[in-house]
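With positions in the sequence shown counted from 1, the corresponding number in this note's numbering is that position plus 96.
Comments concern the structure below.
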Amino acid sequence: MPDERLAMREMLKDKIRKTVDISQTAQSRGEPMPPLQKEIPADSKLIDLPDWKMNVGELQVPLSELITHRKSVRKYAAKPVTLHDLSYLLWATQGVRKKQDSDTVWRNVPSAGNRHALETYIAVRDVTGLEPGIYLYRPLEHALVFVHKPDDYQEQLSKSVYRQLFVSKAPLVFIWAAIPWRMEWRYSEASVKVIALDAGHVCQNLYLAAQSLGLGVCGVAAYDQELIDQFIQVDGKDEFVVYLGSVGHAAP
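Structure representation (structure tokens):
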């Protein structure tokens with residue numbers, strides 16, 4: 097077996113934790129904690145998301161049923177996703193359920209050390225009440241911020257996922273980007289694995305929450321790193337895409 101493949105396998109193990117001197121992490125050295133969510137320009141306009149309970153209600157689908165019928169959906173009907181449904185999906189995947197102070201919040205998904213190194217971007221093609229384009233989710237305010245509108249949305253998105261056309265045809269796509277420093281501040285070199293695990297937690301919540309709404313999801317881990325980073329306008333160094341999930345009504 098090639099040495100390169102063996103080296104890559106080591107990333108799945110937890111040997112590195114034995115080599116990290118916790119007393120020398122940024123947290124232990126007293127460096128300021130990274131912000132709980134990405135900083136944005138002061139003049140950014142927040143787009144408040146509706147109270148999903150007003151339209152979605154308290155969903156009573158048994159968890160066993162959601163798990164049984166969970167599957168990846170790659171064919172979508174020509175039907176928009178409602179803003180209330182999007183509000184619910186964002187709450188279920190990265191929403192805040194409790195805030196203790198400016199430095200401590202609890203969200204609806206687990207994260208190593210409660211660090212939550214992921215930012216959620218939404219690529220919108222067909223969502224009622226939203227112009228097509230790229231948006232950033234603000235979990236602390238449960239709101240969106242418009243990022244930009246790509247010149248040719250479907251072509252750019254399609255190229256960035258190696259022509260997996262179902263992604264660019266979906267009404268919306270969740271795009272999760274990691275800000276590694278948020279995790280590295282506490283765990284240093286041991287952060288890589290747990291950031292990847294966190295992305296899995298988030299996408300599974302998306303699958304189950306969407307299933308409860310009658311929507312379909314497909315997690316996507318194959319993409320052109322440079323193109324997808326450019327698509328959502330992140331620098332690719334201190335913030336970069338790690339996972340995607342397309343969402344829509346399943347075609348008959």
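Just so you know, even glycine gets a beta-carbon here, dropped at the ideal spot from N, CA and C.
For H244, the secondary structure class from DSSP, reduced to helix, strand or coil, is strand. With fewer than three CB-CB distances shorter than 8 Å, the segment 246-255 does not count as touching the segment 141-157. Counting C-beta pairs with one atom in each stretch, the segment 270-285 and the segment 238-252 have fewer than three that are closer than 8 Å, which means they do not touch.
In the three-state DSSP reduction, T121 falls in the coil class, being neither helix nor strand. Per DSSP, D139 has no beta-bridge partner at all.
Counting only residues of its own chain and dropping the five nearest sequence neighbours on each side, H297 has a CB closer than 8 Å to the CB of V205, P206 and S207. Here T189 is buried, its C-beta having at least 16 other C-beta atoms within 10 Å. The alpha-carbon of V169 is positioned some 39 Å away from that of D197. In the three-state reduction of the DSSP assignment, T216 falls in the strand class, which pools E and B. Here V257 has V263, S264, V316, A318, Y319, D320, I324 and L340 as same chain residues with Cβ atoms under 8 Å from its own Cβ, once five neighbours each way along the sequence are excluded. Put simply, the backbone Cα of G225 is about 10 Å away from that of L145. Bridge partners of L232 according to DSSP: Y217 and V241. The Cβ atoms of E135 and W281 lie no closer than 9 Å to each other. In the three-state reduction of the DSSP assignment, R211 falls in the coil class. Taking each of L185, K167 and I143 in turn and checking the Cα distance to N301, the smallest one comes out for L185.
Looking only at L311, E335, I328 and D334, the smallest Cα-Cα distance to P176 is reached by L311.
For D197, the enclosing beta strand (DSSP E) starts and ends at V192 to D197.
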